[in-house]
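In the numbering used here, the protein residues as written are 2 to 111.
What follows is one structure encoded as structure tokens, with my remarks underneath.
The structure is reproduced here in structure tokens:
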């Protein structure tokens, strides 16, 4: 298990990520993503600076996903939320964040 040795949970709580920009990025490319061969990218994943948005565990997972050559889109919007990684054609998501990133009140609200 990856420890929150750097107070990353506090950093995450204090930061505002460009989720509107991410949603717009994917909205423009959704048709290409959904019509692509599931083993090929429907759009470039290099249009955003994903690494700066990842928690430590997401960074590790992203490295493994890329190493294995699996097509998962990072910070993918689904309805009103964002999942850590998604393979939308297969309807598979990966949520990585552990207890340090959960908020019981927000989780209950969802």
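Don't be surprised by glycine CBs; every beta carbon is placed ideally from N, CA and C.
Which residues DSSP lists as bridging residue 79, in chain order
82
Measuring alpha carbon to alpha carbon, tell me which of 30, 65 and 76 ends up nearest residue 19.
76
Exposed unless 16 or more other CB atoms sit within 10 angstroms - verdict on residue 87
buried
Could you name the residues of the same chain whose beta carbon sits closer than 7 Å to that of residue 66, not counting the 5 residues immediately before and after it, in chain order?
73 and 86
How far does the alpha helix (DSSP H) with residue 34 in it reach, from first residue to last?
20-36
Flag residue 43 as yes when its Cβ comes closer than 8 Å to any non-hydrogen atom of the ligand SAM, and as no otherwise.
Ligands are entirely absent from the displayed structure, and the ligand SAM is therefore not among its contents.
For residue 95, does the three-state DSSP call read helix, strand or coil?
strand
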